[in-house]
Amino acid sequence: MTFYPLHEIEGLDEFTPINEFVDIFADNFMIIPFKEIQLEIMKALCLMPSSWMINAPIVQSYGVSGSGKSTFLKLVAAVRGFNPASAIKLGKITPTAIRNHLQQQKFGNDWKDKVEAGIDLEESDCFLPWDDITPRILEDDLLFSILKSGASRATSNTGIAVAGTGTNLDFDVFAPKLLGSVTPLWAVPELEELKRRMLILKHLKYDFLPPEDKGVNRQPFDLEEVDLFNFSAYQGYAMFWANEDNKNRFFELKRCREFRKLLKKSGMLQDFTSMCSEIIAIHVCICGDIDKSVDIFSKYYQEILLVLLENKTSMQIAFEQIVANCQKQWVCDTPLEIDAKFFRSKMMEARMNGAITESLTGKNINSAMWSLGFRQTKSVYSSSKSVWTRI
Numbered sequence: 572m573t574f575y576p577l578h579e580i581e582g583l584d585e586f587t588p589i590n591e592f593v594d595i596f597a598d599n600f601m602i603i604p605f606k607e608i609q610l611e612i613m614k615a616l617c618l619m620p621s622s623w624m625i626n627a628p629i630v631q632s633y634g635v636s637g638s639g640k641s642t643f644l645k646l647v648a649a650v651r652g653f654n655p656a657s658a659i660k661l662g663k664i665t666p667t668a669i670r671n672h673l674q675q676q677k678f679g680n681d682w683k684d685k686v687e688a689g690i691d692l693e694e695s696d697c698f699l700p701w702d703d704i705t706p707r708i709l710e711d712d713l714l715f716s717i718l719k720s721g722a723s724r725a726t727s728n729t730g731i732a733v734a735g736t737g738t739n740l741d742f743d744v745f746a747p748k749l750l751g752s753v754t755p756l757w758a759v760p761e762l763e764e765l766k767r768r769m770l771i772l773k774h775l776k777y778d779f780l781p782p783e784d785k786g787v788n789r790q791p792f793d794l795e796e797v798d799l800f801n802f803s804a805y806q807g808y809a810m811f812w813a814n815e816d817n818k819n820r821f822f823e824l825k826r827c828r829e830f831r832k833l834l835k836k837s838g839m840l841q842d843f844t845s846m847c848s849e850i851i852a853i854h855v856c857i858c859g860d861i862d863k864s865v866d867i868f869s870k871y872y873q874e875i876l877l878v879l880l881e882n883k884t885s886m887q888i889a890f891e892q893i894v895a896n897c898q899k900q901w902v903c904d905t906p907l908e909i910d911a912k913f914f915r916s917k918m919m920e921a922r923m924n925g926a927i928t929e930s931l932t933g934k935n936i937n938s939a940m941w942s943l944g945f946r947q948t949k950s951v952y953s954s955s956k957s958v959w960t961r962i
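Heads up: the sequence shown begins at 572 in the numbering used here, then just goes up one per residue.
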């Protein structure tokens, strides 16, 4: 495969301001539904200065295989000057590997030597990008505890049992965690405790985008064709926070009562604003307009996050998308009919893509479709054709 370096993309080099970098990167490599909202959320999440924060949300990049959910993790790594090929953890990893990853980011590669020498450790910013996560991986109690506990400084200390010693190795797991998964982790009953700590970024394949989103997105280039090692030349994160105006504005907003009052009046629940007040403050530093930032996060909360957090199964979510696509193509004035054979082919496609994690049993399918207001019946146009139609 022929690679081309990141800086050959028009408008991108090591001096590109972070706001422009994310816009250009997204235009070239990402498909983003609700782009006018989600792209702004992504910009703020790219710039989370963990060493200054008291809350570090768990962010799930969610979508079917091939929808570009992993690209967001690579974007964050690029912004922070890391090579995504080595920065992103994949699938089943050990608690010790997470500990070493976070300790090295926070305190440097020589952190063990500093501890042994009694030298005080000064914390640097960190993040944990973790891709290809499944509910089965999080059946490991310690991995789940690390994921859950690190969302707040008040609950971020945990321990790893040291084999053969009967002792625990304590460490601080506080860090923003960016997860990539085809499974809606917030809807898995055993992972219920993650829900109130989560932000979700929704991804779709280009063909599944509604027309209004196709107008602001295009088929992206294949990120694998980019020389990933060249990503580490970009230091947009460091440049942004080296600006004293940005740094001072961030701390000013963290302390500002009027800012907190504005968040309370926005219609967002307190749990959400408590988790996101620092992220909203970051966005204010990016765009320079408090009202605009609060409005964007309020729309994200109402129009995207709450909709996804309604405990819908992956089957319901996939079926909603199939029905929506069928509805756009339905030109008759009569009630919507979806050919049952066609619908089943789309179900199987979604199952193969990983969008549906449940078994496609008749009971599961009927339950999901009834919850969406559909039942299977005979077509009004042909008594021999079976269709799904509105109840």
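From the three backbone atoms N, C-alpha and C, an ideal C-beta is built for every residue, glycine too.
Note that the structure is a prediction, hence the values are computed from the model and not measured.
In chain order, what residues of the same chain have a beta carbon less than 8 Å from the beta carbon of residue i, not counting five sequence neighbours either side?
i      : result
Ser942 : Gln887
Val958 : Glu908, Ile909, Asp910, Ala911, Gln947, Thr948, Lys949 and Ser950
Glu607 : Val787
Gln609 : Ile603, Leu772, Lys773, Tyr871 and Ile875
Please tell me whether residue i and residue j are closer than 8 Å, where the distance is taken between their beta carbons.
i      : j      : result
Ile612 : Leu833 : no
Asn599 : Lys614 : no
Ser727 : Ser716 : no
Pro655 : Lys663 : no
Met846 : Pro628 : yes
Lys718 : Pro666 : Note on residue identity: the sequence assigns Leu, not Lys, to residue 718. Against a cut-off of 8 Å, the Cβ pair of Pro666 and Leu718 comes out as no contact.
Can you tell me whether DSSP reads residue i as helix, strand or coil?
i      : result
Asn599 : helix
Asn844 : A small fix is needed here, since residue 844 is Thr in this sequence, not Asn. Here Thr844 sits in helix by DSSP.
Tyr633 : strand
Asn896 : helix
Phe745 : coil
Gly751 : strand
Arg820 : helix
Met919 : helix
Phe974 : As shown, the chain starts at 572 and ends at 962. That puts residue 974 outside it, with no answer to give.
Asp711 : coil
Asp910 : strand
Thr705 : coil
Lys773 : strand
Asn935 : helix
Asn671 : helix
Asn788 : coil
What are the boundary residues of the alpha helix (DSSP H) that residue i is part of?
i      : result
Glu829 : Arg828 to Lys835
Ile608 : Lys606 to Cys617
Trp701 : No alpha helix (DSSP H) contains Trp701, which is instead part of the beta strand (DSSP E) from Leu699 to Asp702.
Ile861 : Ile861 to Tyr871
Lys645 : Lys640 to Val650
Gly657 : For the sequence presented, residue 657 should be read as Ser rather than Gly. Start and end: Pro655 to Ala658.
Gly807 : Gly807 to Ala813
To which residues of the same chain is residue i closer than 7 Å at the C-beta, ignoring the five residues directly before and after it?
i      : result
Leu775 : Ile602, Pro604, Gly634 and Ser638
Val865 : Leu833, Leu834, Ser837 and Ile851
Gln676 : Ser695 and Cys697
In the DSSP assignment, find the beta strand (DSSP E) that holds residue i and state where it starts and stops.
i      : result
Trp959 : Ser957 to Arg961
Thr665 : Element bounds for Thr665: n/a, residue is neither H nor E.
Kindly list the residues whose CB is nearer than 6 Å to the CB of residue i, restricted to its own chain and excluding five residues on each side of it in sequence; keep chain order.
i      : result
Ile850 : Ala615
Gly944 : Arg961 and Ile962
Asp703 : Leu661 and Gly662
Would you check if there are 3 or more beta carbon pairs closer than 8 Å linking the region 912-924 to the region 617-627? No, because fewer than three Cβ pairs between the region 912-924 and the region 617-627 fall closer than 8 Å, the two stretches do not touch.
Do three or more CB pairs link the region 852-859 to the region 887-898 at distances below 8 Å? no
Taking three-plus beta-carbon pairs below 8 Å as touching, is the region 745-762 in contact with the region 635-655? Note that the region 745-762 touches the region 635-655; at least 3 beta-carbon pairs, one per stretch, sit closer than 8 Å.
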